[in-house]
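Engineer:
Residue numbers (full-length UniProt numbering): 1 to 114.
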């Protein structure tokens with residue numbers, strides 16, 4: 001499961017309706033490279049839609065540029081890369097570096113003793 005892929009979808013996807021839910025299900029299966037290859041039946045079960053609706057949603061997501069089919073594996077399994085919001089198609093976005101919050105460190109003198 002890729003939390004980064006799910007965050008990318010929530011923040012940058014323009015998809016709506018069942019296409020968005022299918023994209024989120026796909027993101028749930030993505031690896032570090034934002035690639036996923038769950039079956040249509042798996043996506044249908046997660047999104048609570050029919051296999052036919054999954055196929056339609058996948059076509060729509062390709063049209064929107066939200067996913068890219070990158071290869072078809074054995075037994076006809078298609079590997080998709082999630083590309084919505086990525087700086088370059090197929091490239092996971094860079095992570096933002098944030099300074100550590102100094103207020104999160106405990107000050108021993110501020111603890112209460114019981």
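The beta-carbon is built from N, C-alpha and C at its ideal position, and this holds for glycine as well.
Can you give me the start and stop residues for the alpha helix (DSSP H) that residue 55 sits inside?
Structural biologist: In the DSSP assignment, residue 55 falls within the unbroken alpha helix (DSSP H) covering 51-64.
Engineer: In the DSSP output, which residue or residues are listed as bridge partners for residue 69?
Structural biologist: 80
Engineer: Where do the N-terminal and C-terminal ends of the alpha helix (DSSP H) with residue 85 fall, by residue?
Structural biologist: Run containing residue 85: none; DSSP gives neither H nor E here.
Engineer: Keeping to the same chain, check which residues put their C-beta closer than 7 angstroms to that of residue 18; ignore five residues upstream and five downstream.
Structural biologist: 47, 49, 53 and 57
Engineer: Please report how far the alpha carbon of residue 79 lies from the alpha carbon of residue 6, in whole angstroms.
Structural biologist: 17 angstroms
Engineer: Just tell me which of 12, 34, 20 and 42 has its CA closest to the CA of residue 59.
Structural biologist: 20
Engineer: How many whole angstroms separate the CB atoms of residue 85 and residue 11, which I take to be in contact at a CB cut-off of 8 angstroms?
Structural biologist: Their Cβ separation, rounded to whole angstroms, is 6 angstroms, which keeps residue 85 and residue 11 in contact under 8 angstroms.
Engineer: Identify every residue that forms a DSSP beta bridge with residue 32.
Structural biologist: None; residue 32 has no bridge partner.
Engineer: Determine the DSSP secondary structure at residue 6, reduced to helix, strand or coil.
Structural biologist: Residue 6 falls in the helix class under three-state DSSP.
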